[in-house]
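One structure below.
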Amino acid sequence: MMNTLVDGESYIPTNVEQIANILTHAIPAVVSVAALVHMVQNVVDNTQETIVAWVYGLCMISLFSVSSLYHLSVLTHTLEHKLAQVMQTFDHAFIYIFIAASYTPWLILLEIGVNGLYGKLFCAVIWGIAVFGVARSFLKFGQSIPSLFLYLFMGWIAILIVQPVMKSEIALWGVIELVLGGLVYSAGAIIPFRMDGRIPFAHAIWHLFVVAAAALHFHSVYKYLIGMNNNLYDPESVVITKDYFAHLFE
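Going by my numbering, the letters in the sequence shown line up with residues 39 to 288, in that order.
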């Protein structure tokens, strides 16, 4: 079921575990294509939403596809093979890109700040960090900082926009799904991702955490953000506004 984990060395998955690693992201990659096409054809209704949807969707597809190809390269060759090393670099780089892409719909489509300026500036900062992360992955500098720390930092810097998002008119469940997705990503990074070689299929389980979190975020964008202007959610849904929170403390 598992290979032996040698202290001080990276765990080498069995072939069965590696196949699970491939499938747990290859299948979502295919589903993501269908989800993106459906969203573009049936939900978006202006140029800005179309561009945002394509950026977000293509980055999600790329994340799952590159991850699958990386694990396939390890299965067909070895982790030390040049192809596997290159694919591993792309795999790590696309995590930064996808985190930034996950922010983009919220920061661009919501009017955060005067004329949406704060949201657009924050989006530029997030993409700047992503570019730094990609460069770091390929040029191999700053390796003393764990990649996991940077991923979590990028994800939870979102606390800086919580208040502005809550002031916008967005269904409560949309924000709940956004936060839940972040928690699932974090739980997956802290628990199964760190258990490689200690429990069977730990990396595949981590992949499933990523899929679940990505699904939550996609649904929140599809139904409550882009869908906000297309009557996709129940008009009886609780909407977060300043009046809503003021009412809570009456």
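Note that beta-carbon positions come from the ideal geometry of N, C-alpha and C, so glycine has one too. All values reported here derive from a predicted model rather than from experimental measurement.
Query                                                                                                                                                                         : Result
Leaving aside the five residues before and after HIS63 along the sequence, list all residues of the same chain whose C-beta is less than 7 Å from its C-beta, in chain order. : PHE102, SER105, SER106, HIS245
To which residues of the same chain is SER175 closer than 6 Å at the C-beta, ignoring the five residues directly before and after it?                                         : THR127, HIS130, ALA131
By how many angstroms is the C-alpha of GLU118 removed from the C-alpha of ILE57?                                                                                             : 18 Å
So what does DSSP say about ASP234, is it helix, strand or coil?                                                                                                              : strand
Where do the ends of the alpha helix (DSSP H) carrying HIS245 lie?                                                                                                            : 240-257
Considering Cα atoms alone, identify which of ALA139, GLU87, MET204, HIS241 is closest to LEU61.                                                                              : HIS241
Should ASN153 go down as buried or exposed, given a rule of 16 or more other Cβ atoms within 10 Å for buried?                                                                 : exposed
DSSP state of ILE208, grouped into three classes?                                                                                                                             : strand
Would you call the segment 206-217 in contact with the segment 178-191, where contact means no fewer than 3 C-beta pairs closer than 8 Å?                                     : no
Hey, THR142 and VAL90 are a contact pair by Cβ (cut 8 Å); roughly how many whole angstroms apart?                                                                             : 6 Å
Answer yes or no: do GLY157 and ILE146 have a C-beta to C-beta separation smaller than 8 Å?                                                                                   : yes
By a C-beta neighbour count over all protein chains shown, 10 Å radius and 16 as the cutoff for buried, is PRO51 buried or exposed?                                           : buried
Taking 8 Å as the cut-off, decide whether the C-beta atoms of GLY220 and GLY193 are in contact.                                                                               : yes
Which residue from ALA67, SER182, HIS76 puts its Cα closest to that of ALA252?                                                                                                : ALA67
Can you give the Cα-Cα distance for LYS261 and HIS109, rounded to whole angstroms?                                                                                            : 32 Å
Consult DSSP for ASP129 and reduce its assignment to one of helix, strand or coil.                                                                                            : helix
I think ILE135 touches VAL75, with their Cβ atoms under 8 Å apart; what is that distance to the nearest whole Å?                                                              : So it is not a contact: roughly 21 Å between Cβ atoms.
What is the rounded straight-line gap between the Cα of LEU218 and the Cα of THR88?                                                                                           : 25 Å
Alpha helix (DSSP H) containing HIS63: first to last residue?                                                                                                                 : 53-80
Which one of PRO184, SER224, VAL248, VAL259 has the shortest CA to CA distance from LEU216?                                                                                   : VAL259
Using the C-alpha atoms, what's the distance from PRO202 back to GLY208?                                                                                                      : Looking at the sequence provided, one finds Ile at residue 208 rather than Gly. Each residue's alpha carbon lies about 11 Å from the other.
Sort TRP92, LYS120, ALA250 by Cα distance to ILE65 and report the nearest one.                                                                                                : ALA250
For ARG232 and VAL93, what's the separation of their Cα atoms in angstroms?                                                                                                   : 30 Å
Can the beta-carbon of SER100 be found closer than 8 Å to that of HIS255?                                                                                                     : no
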